[in-house]
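Asks: Using this note's numbering, the first residue of the sequence shown is number 430, and each one after it goes up by one.
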Amino acid sequence: MSRRQSRSFRGLHALIAHPPGRDRTVLHNQLEFLGLKVTVQDQASDTPPQSVDILFFDADALQATDQDDSHGPFELPAVALIGSETPSRLQAMLARQPSAWLMKPIRSTGIYASLAIATHQFTTLQAMRRKLVAADERLRSRRLLLSATLQIMKQAQVDDAEAFRMLRGLAMSRRETIEAVSARILAGELPLIRMAG
């Protein structure tokens, strides 16, 4: 790996939510060796502190009841520490949507890779979520625009091109977006009689 491609995690804040023992010690020492600031606690909480950049949590501590909606995904890169591969525990772990995992017993090898995978996966997933939100917003805006255009066509007895021209002109005169004006028209806040006049 070239110097340009190598990734440093120096300065990031890692939280290890795992009972005391050899696994936690090995993980703690290796993360510090990689330059991370490390905090430990005996078990994971639903809302890790704001200052934490990555979470390592004990998947073996999760119960089948942790699959319910009250325990959603963590809002930061999370690495599951797995010792038991029972279906119920794995299902509870998957409900938390970890970005990567490490098998116990923890060894110094694999920790850097789990950091790289977890941060990459989390960033990729967040970007996809933002794109979906933007796409939903565009779709909602288009529906508003179409509905407002149809309403203008019906009430002003004009074709679609003229209805859109009227809608655009109103948006420009009010210094609002076409979507905002469309929503106002559909809500009855902008009577079309005034608009056509």
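The beta carbon of each residue, even a glycine, is placed where N, CA and C say it ideally should be.
All values derive from a computational prediction rather than experimental measurement.
Per DSSP, Q470 forms a beta bridge with which residues?
Replies: Sequence index remark: in the sequence shown, residue 470 carries index 41 (1-based). According to DSSP, which records beta bridges pairwise, Q470 is partnered with A446.
Asks: Inspect the beta-carbon positions of L456 and F438 and report whether they are closer than 8 Å.
Replies: As a first step, residue 456 is located in the sequence shown; it is residue number 27 there, counting from the start. As a first step, residue 438 is located in the sequence shown; it is residue number 9 there, counting from the start. No, the Cβ-Cβ distance between L456 and F438 is not below 8 Å.
Asks: Only counting the same chain, and skipping five residues up and downstream in sequence, which positions put a Cβ closer than 6 Å to that of V481?
Replies: As a first step, residue 481 is located in the sequence shown; it is residue number 52 there, counting from the start. H442, L444.
Asks: Would A577 and A585 qualify as a contact pair, given that the criterion is a beta-carbon distance under 8 Å?
Replies: To locate residue 577, count along the sequence shown from 1; it is residue 148. To locate residue 585, count along the sequence shown from 1; it is residue 156. The answer is no: Cβ separation not under 8 Å.
Asks: Could you have a look at A616 and say whether DSSP puts it in helix, strand or coil?
Replies: By 1-based counting over the sequence shown, the position of residue 616 is 187. A616: coil per DSSP, three-state reduction.
Asks: Looking only at C-alpha atoms, which of T454, I483, R604, P620 sits nearest to S528?
Replies: Taking the first residue of the sequence shown as position 1, residue 528 is located at position 99. Out of T454, I483, R604, P620, I483 has the C-alpha closest to the C-alpha of S528.
Asks: Please classify D482: does DSSP put it in a helix, a strand, or coil?
Replies: Along the sequence shown, one-based indexing puts residue 482 at 53. Three-state DSSP puts D482 in coil, outside helix and strand.
Asks: Tell me the rounded alpha-carbon separation between T553 and P620.
Replies: By 1-based counting over the sequence shown, the position of residue 553 is 124. By 1-based counting over the sequence shown, the position of residue 620 is 191. Each residue's alpha carbon lies about 45 Å from the other.
Asks: In whole angstroms, give me the CA-to-CA distance for R518 and R436.
Replies: In the sequence shown, residue 518 corresponds to position 89, counting from 1. In the sequence shown, residue 436 corresponds to position 7, counting from 1. Straight-line Cα distance between these residues: approximately 32 Å.
Asks: With DSSP collapsed to three states, give me the class of D487.
Replies: As a first step, residue 487 is located in the sequence shown; it is residue number 58 there, counting from the start. If DSSP states are grouped into helix, strand and coil, D487 belongs with the strands.
Asks: Quick one, are the C-beta atoms of D487 and S513 less than 8 Å apart?
Replies: Here residue 487 corresponds to residue number 58 of the sequence shown, with the count starting at 1. Here residue 513 corresponds to residue number 84 of the sequence shown, with the count starting at 1. Result no, Cβ atoms of D487 and S513 do not sit closer than 8 Å.
Asks: In whole angstroms, what is the alpha-carbon distance linking A520 and E504?
Replies: In the sequence shown, counting from the first residue as 1, residue 520 sits at position 91. In the sequence shown, counting from the first residue as 1, residue 504 sits at position 75. It is Gln, not Ala, that sits at residue 520 in the sequence shown. Distance between the alpha carbons of Q520 and E504 is about 19 Å.
Asks: Pick from Q479, R603, A542: whose alpha carbon is nearest that of L460?
Replies: Residue 460 sits at position 31 when you count from the first residue of the sequence shown. Here the closest residue by C-alpha is A542.
Asks: DSSP has L575 in a bridge; who is on the other side?
Replies: Along the sequence shown, one-based indexing puts residue 575 at 146. Looking at the DSSP assignment, L575 forms no beta bridge with any residue, so it has no partner.
Asks: Under the three-state reduction of DSSP, which class applies to V610: helix, strand or coil?
Replies: Locating residue 610 in the sequence shown gives position 181, where the first residue counts as 1. Helix, per DSSP.
Asks: Name the DSSP bridge partner or partners of A509?
Replies: The residue you call residue 509 lines up with position 80 of the sequence shown. In DSSP, A509 forms a bridge with F486, W530.
Asks: Thinking C-alpha only, which one of R525, I540, Q526 is nearest M532?
Replies: In the sequence shown, the residue the question calls residue 532 occupies position 103. Out of R525, I540, Q526, I540 has the C-alpha closest to the C-alpha of M532.
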